[in-house]
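Undergrad: The structure's right below; bear with me while I get my questions together.
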Amino acid sequence: MKTEKISKWQLLGLLLLCRIFTLMTHVPFIKGETLPTQLLASVVSTAIQAVLIIPLVLFGRDCEGSAVTSKISEKSKPAGAIASLLYLIFFIASAADGVMRFIRFLNERFIRGGSIFMAALLIAVCVYCAYCGVEGLARSSIIAIILFFVMLILMAWTSRKNFDPINFYFNGTGSGFWQTVIDDLARNGEITAAAFLIKNTNKGIKCGLYSLLAAKLVLTAAVNALIFGVLGDFALMTDYPFMETGSYTDAALFRQNDSLYLILWTISAVISISLFIRICAGLMAELVPNMRLCGSISGAIIFLISIIFMYSEINFAPLSRYIYGFAAAFLIFAIPLVALISAKGRKKDEKNT
Numbered sequence: 029m030k031t032e033k034i035s036k037w038q039l040l041g042l043l044l045l046c047r048i049f050t051l052m053t054h055v056p057f058i059k060g061e062t063l064p065t066q067l068l069a070s071v072v073s074t075a076i077q078a079v080l081i082i083p084l085v086l087f088g089r090d091c092e093g094s095a096v097t098s099k100i101s102e103k104s105k106p107a108g109a110i111a112s113l114l115y116l117i118f119f120i121a122s123a124a125d126g127v128m129r130f131i132r133f134l135n136e137r138f139i140r141g142g143s144i145f146m147a148a149l150l151i152a153v154c155v156y157c158a159y160c161g162v163e164g165l166a167r168s169s170i171i172a173i174i175l176f177f178v179m180l181i182l183m184a185w186t187s188r189k190n191f192d193p194i195n196f197y198f199n200g201t202g203s204g205f206w207q208t209v210i211d212d213l214a215r216n217g218e219i220t221a222a223a224f225l226i227k228n229t230n231k232g233i234k235c236g237l238y239s240l241l242a243a244k245l246v247l248t249a250a251v252n253a254l255i256f257g258v259l260g261d262f263a264l265m266t267d268y269p270f271m272e273t274g275s276y277t278d279a280a281l282f283r284q285n286d287s288l289y290l291i292l293w294t295i296s297a298v299i300s301i302s303l304f305i306r307i308c309a310g311l312m313a314e315l316v317p318n319m320r321l322c323g324s325i326s327g328a329i330i331f332l333i334s335i336i337f338m339y340s341e342i343n344f345a346p347l348s349r350y351i352y353g354f355a356a357a358f359l360i361f362a363i364p365l366v367a368l369i370s371a372k373g374r375k376k377d378e379k380n381t
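According to the numbering used here, the sequence shown is numbered sequentially starting from 29.
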C-alpha cells in the first residue's frame, strides 16, 4: 500500500488540532497558580519538549519515510516489538482519555446519560475516519483550525469590555509550579504521534515540529490570557473555562448558542481520536502482521477501556498526570534515540559488508 504524504504544515495543523482539542476542555489552572506562573510553566515545558524532540528531528532527517519502530525492528525484532507495544499502550490510553473527556463534556453540558451509546457512536465514526487515511485527517484539521481561530478572535473582540488586566497578578512560583510543568507536558503528548507521521511527511520535519512547539505555546498563552483576563479567579472554579468565557461576550452567538462550541469541539475530538486509532492500527499490524481489521479492533479496545474507566469510582487523575507526562517524555526522546542509533548502526554495517 502506498504511504500517504502530507506537508510539514499539514503535520503542524494535525497535531496542533490535537492540542486545541485538549485546550477547549482542559485549561491547566492548578489551584493557587496565577496566569504569569502558568505562562512561565508553559515556557519551561516547551523548552523541555524542544530538547526532547532532538532525536526525533534527527531521525526524521536521516530516515525519511520510516517510523521509529520499523527502524528498531530492522536491527532487532524483539526490541522493535517492545517499542511498538509501548507506543500502542500510550496511544490507546490517549484515545480512551479523549473519549472520556468528550462524553463527560456531553453529559455535563448537553445530554444526561447514554454514555455507552454516545461512546460507541463516537468510536464508530472515528474508526471510519481512521480508515479514510492520514491525508484526509490532515486536510480536515486545517479547516477546523481556521474555524477555531475565527471563533477565538471573535470571542476576544466581543468580550473586550469584560477583560481586566488586574487579573494578571503574580504571586510567585509556588509549590505547584513544577506540578504545573508536568501537567503541561502530560497535556502535550500529541507530539509523540510525530514518531509515526514522519513516514507520511514529505520534507521539513524539523521545521514542522519546532513550528508546532511555537504555535502551541502562543496558542496556549492566548487562550489562557483570554480566559483569565475575562474570568479572573472564577476560571479556577469551572470545568470548562473556555466555554464559560463565551457567556461574558457581547455577542449573542456565543452567549446563547452552545451548539457552536459543541460542533467545533466534536470535529476536533473526532480528528484527534481518529489519528490515534490510525496509529494504533499501524502498530497492531507491526506486532501481528497477518491481523485484519486492526482499526476496528483498536476502536473496540479503546471503547472497552473508556467504559471501564468512566464507570470506575477510583480517581486516577492525580497519578495519571505523572504517568502520562513521563511516558510522553520517554516515547518522544528515548525510543527515537534508540531508533536513530539503530539506523546509523545499520548504515555502518552495510558499508562494512
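Ideal Cβ placement from N, Cα and C applies to all residues, glycine included.
None of the values given here were measured: they were computed from a predicted structure.
Just to confirm my understanding: we take Thr220, look at its own chain, exclude 5 residues before and 5 after, and list those with CB closer than 7 angstroms. What are they?
TA: Once the five neighbours on either side are set aside, the close Cβ partners of Thr220 are Phe118, Ala356, Leu359 and Ile360.
Undergrad: Identify, in the order they occur along the chain, each residue of the same chain with its Cβ nearer than 6 angstroms to the Cβ of Ile48, setting aside the five sequence neighbours on each side.
TA: Excluding sequence neighbours, Ile48 sits near Phe176 and Ser296.
Undergrad: Apart from the five residues on each side of it in sequence, which residues of its chain come closer than 8 angstroms, Cβ to Cβ, to Leu245?
TA: Hits under 8 angstroms: Ser70, Val71 and Thr74.
Undergrad: Along the chain, which unbroken stretches of the alpha helix (DSSP H) at least 4 residues long are found entirely within the segment 133 to 212?
TA: Segments of the alpha helix (DSSP H) lying fully in the segment 133 to 212: 143 to 160 and 162 to 186.
Undergrad: Can you name, in chain order, every residue of its own chain whose Cβ lies under 8 angstroms from the Cβ of Lys372, other than the five neighbours on each side?
TA: Excluding sequence neighbours, Lys372 sits near Asp90.
Undergrad: Which runs of the alpha helix (DSSP H) spanning at least 4 residues fall entirely within the segment 261 to 316, listed in chain order?
TA: List check, alpha helix (DSSP H) in window: 269 to 274, 280 to 284 and 286 to 315.
Undergrad: Look at the Cβ atom of Ile131, then the Cβ atom of Phe331, and state whether they are nearer than 8 angstroms.
TA: No.
Undergrad: For Tyr115, is the classification buried or exposed, using 16 other Cβ atoms within 10 angstroms of its Cβ as the cut-off for buried?
TA: Result: buried.
Undergrad: Give the range of the alpha helix (DSSP H) segment to which Arg89 is assigned.
TA: Arg89 -> alpha helix (DSSP H) spans Ile82 to Asp90.
Undergrad: If Leu368 and Phe87 are in contact, beta carbons under 8 angstroms, what's the gap, nearest whole angstrom?
TA: Yes, Leu368 and Phe87 are in contact; Cβ-Cβ is about 5 angstroms, under 8 angstroms.
Undergrad: Could you give the first and the last residue of the continuous alpha helix (DSSP H) run that contains Ser103?
TA: Residue identity check: residue 103 is Lys in the sequence provided, not Ser. Val96 to Lys103 is the extent of the alpha helix (DSSP H) around Lys103.
Undergrad: Which residues bound the alpha helix (DSSP H) around Thr50?
TA: Element bounds for Thr50: Lys36 to Leu51.
Undergrad: Measuring straight from C-alpha to C-alpha, what distance separates Thr208 and Gln66?
TA: Cα-Cα distance, rounded: 7 angstroms.
Undergrad: How far does the alpha helix (DSSP H) with Leu321 in it extend, from its first residue to its last?
TA: No alpha helix (DSSP H) contains Leu321, which DSSP labels as neither H nor E.
Undergrad: Please report the straight-line C-alpha distance between Ser94 and Ile226, rounded to a whole angstrom.
TA: Spanning the two alpha carbons is a distance of roughly 7 angstroms.
Undergrad: Exposed or buried, what is Leu321 when buried is set at 16 or more other beta-carbons lying within 10 Å of its beta-carbon?
TA: Exposed, since its Cβ has fewer than 16 Cβ neighbours within 10 Å.
Undergrad: Rounded to whole angstroms, what is the Cα-Cα separation between Ile325 and Arg306?
TA: The alpha-carbon atoms of Ile325 and Arg306 are separated by roughly 11 angstroms.
Undergrad: What is the rounded straight-line gap between the Cα of Lys103 and the Cα of Thr97?
TA: Cα to Cα, Lys103 sits roughly 10 angstroms from Thr97.
Undergrad: Measure the alpha-carbon distance for Leu180 versus Ala250 and round it to whole angstroms.
TA: Cα to Cα, Leu180 sits roughly 9 angstroms from Ala250.
Undergrad: Would you decide whether Met265 is buried or exposed? Buried here means 16 or more other CB atoms lie within 10 Å of its CB.
TA: It is exposed - the Cβ of Met265 has fewer than 16 other Cβ atoms within 10 Å.
Undergrad: Give me the residue from Ile329, Ser370 and Val298 with the minimum Cα distance to Ala158.
TA: Nearest C-alpha to Ala158: Val298.
Undergrad: I'd like the span of the alpha helix (DSSP H) that includes Asn252, first residue to last.
TA: Its alpha helix (DSSP H) spans residues Ile233 to Leu259.
Undergrad: Taking just the CA atoms, how far does Lys99 sit from Gly108?
TA: Rounded to whole angstroms, Gly108 to Lys99 spans 8 angstroms at the Cα level.
Undergrad: To the nearest whole angstrom, what separates the beta carbons of Leu292 and Ala172, a pair I think is in contact under 8 angstroms?
TA: Indeed they touch by this definition, with Cβ atoms about 7 angstroms apart.
Undergrad: Taking the beta carbon of Glu32 as the centre, do at least 16 other beta carbons fall within 10 Å, making it buried, or is it exposed?
TA: Classification of Glu32: exposed, given that the 10 Å Cβ count is below 16.
Undergrad: Here's the rule: buried if 16 or more other CB atoms are within 10 angstroms of the residue's CB, otherwise exposed. What is Ile58?
TA: Confidence at Ile58 is low in this model, with a pLDDT of 49, below 50, so the placement of that residue is unreliable and no value is reported for it.
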